[in-house]
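Data block below; observations after.
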Amino acid sequence: MAEETYPPPLQRFRPRLRGTGKHTVVLGHGIGTEQSAWDAQVEALVQAGYRVLTFDFAGATRESEHFFSPSRYETLYGLAEDILVVLQGLQIEAPVYIGHSMGGMAGLLAAVAEPARFRGLIALGASARYLDDPASGYIGGFSTAQMEMLLQSAQEDYAQWANGFAPAMVGASNPYLSAEDFTRKLLALRPDIVHTFLRTALRADLRAEVKRLRTPLYLLQTAEDQAVPMSAARWLAEHGHARRLIEVPTQGHLPHITAPEAVNQALLACLQDLHHG
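One rule links them: number in our numbering = place in the sequence shown (from 1) + 26.
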């Protein structure tokens, strides 16, 4: 289906459907990326017999900037609503939603809101809360001071922030994505949009919503991720009743780009378990 054939409410998400399989997989991206971040997964999933839907959240590209609304995206519920709009508009029935980082938690919120719409969830590098909570013993990876410093630096000197943030997210050197490449991707985006989503993600506390989840959940997490420590992934796995928590053998927060073979193998294993387990 050609992109221009979609009605206006859907065109803003630039949805792309590929493959003709019986089961549909929906891929939702995270901060600083757009749907092309999933190219390696799309190819592998289509080859494995799945129908695959990708789309862009508002502000993820220059073309979608005018659809961005700060008030709509001051919480992740705005992104969750976007996911439901796309699924409803395209009449996607019982898909498995795969989301990275912020996109993963938005998918979880969408599944809590409309559990009958989803067959399963797979979250990659997702966190219910980035901020530590000493009172409960929860370790999210950031103190209040660290979080505020990160947000302040992104707002006051975006270019400098991007040059520091990108290497931390990419992790170790790899043949698929360099820190310089990711820095350029960040610098191509509107700083206020990135800052809004960064603030929304870092200040979110979705632990209560996680406990309401009834959709089958699978988690993929790298052992060394400066955005999401393994402690946060284990909390999400335990309280979201995840069927599996798979450690991807690489570093960084973008393993679907930097270690696509390992992520593809893990995704296919999760899908196999969900559909045939």
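Here a beta-carbon is modelled for each residue, glycine too, at the ideal position from N, C-alpha and C.
* Which partner residues does L134 have in the DSSP bridge list? -> Numbered from its first residue, the sequence shown carries residue 134 at position 108. None; L134 has no bridge partner.
* With distances taken Cα to Cα, identify the nearest neighbour of L116 among F39, E206, A194, R260. => The residue labelled residue 116 in the question sits at position 90 within the sequence shown. Comparing alpha carbon positions, the residue from F39, E206, A194, R260 closest to L116 is F39.
* To do: Sort S199, L213, T87 by Cα distance to Q186 and report the nearest one.
  => Residue 186 sits at position 160 when you count from the first residue of the sequence shown. Here the closest residue by C-alpha is L213.
* What is the DSSP secondary structure of R98, counted as helix, strand or coil? -> Counting from 1 along the sequence shown, the entry for residue 98 is found at position 72. Three-state DSSP puts R98 in coil, outside helix and strand.
* **Beta-carbon contacts of L110 that lie in its chain and below 8 Å, excluding the five residues immediately before and after** => Start at 1 with the first residue of the sequence shown, and residue 110 comes out as number 84. Cβ neighbours of L110 beyond the five flanking positions: A136, A139, E140, R143.
* Asked: Mind checking T276: buried by the 16 CB within 10 Å criterion, or exposed?
  -> Within the sequence shown, numbered from 1, the residue matching residue 276 stands at position 250. The residue in question, T276, is buried, as its Cβ has 16 or more Cβ neighbours within 10 Å.
* Beta-carbon separation of R216 and Y244 under 8 Å? -> Locating residue 216 in the sequence shown gives position 190, where the first residue counts as 1. Locating residue 244 in the sequence shown gives position 218, where the first residue counts as 1. Their beta carbons are not under 8 Å apart, which means R216 does not touch Y244 by this criterion.
* **Length at least 4, wholly inside the stretch 36-114: the alpha helix (DSSP H) runs in chain order** => 65-73
* So, helix, strand or coil for R143, using DSSP? -> By one-based count along the sequence shown, residue 143 stands at place 117. The answer is helix: DSSP assigns R143 an H, G or I state.
* Asked: The beta strand (DSSP E) with T284 in it runs from where to where?
  -> What you label residue 284 is simply residue 258 of the sequence shown in a count that begins at 1. Here T284 belongs to no beta strand (DSSP E); instead the alpha helix (DSSP H) covers 281-284.
* **K48 versus A74: straight-line alpha-carbon distance, rounded** => Within the sequence shown, numbered from 1, the residue matching residue 48 stands at position 22. Within the sequence shown, numbered from 1, the residue matching residue 74 stands at position 48. Taking the CA atoms as reference points, K48 sits about 11 Å from A74.
* Is it right to say H55 is buried, meaning 16 or more other beta carbons lie within 10 angstroms of its own, or is it exposed? -> Here residue 55 corresponds to residue number 29 of the sequence shown, with the count starting at 1. H55 is buried by the Cβ-count criterion.
* **Proximity of Q61 and D82 at Cβ, strictly below 8 Å** => On the sequence shown, position 35 is the one that residue 61 refers to. On the sequence shown, position 56 is the one that residue 82 refers to. A contact, by the Cβ cut-off of 8 Å.
* Leaving out five residues before and five after Y103 in sequence, what residues of the same chain have Cβ atoms less than 7 Å from its Cβ? -> For this step, residue 103 is matched to residue 77 along the sequence shown. Result list for Y103: L135, in chain order.
* Nearest CA to the CA of V289: which residue from I148, A84, G58, T80? -> As a first step, residue 289 must be located in the sequence shown, where it is residue number 263. Nearest of I148, A84, G58, T80 to V289, Cα basis: I148.
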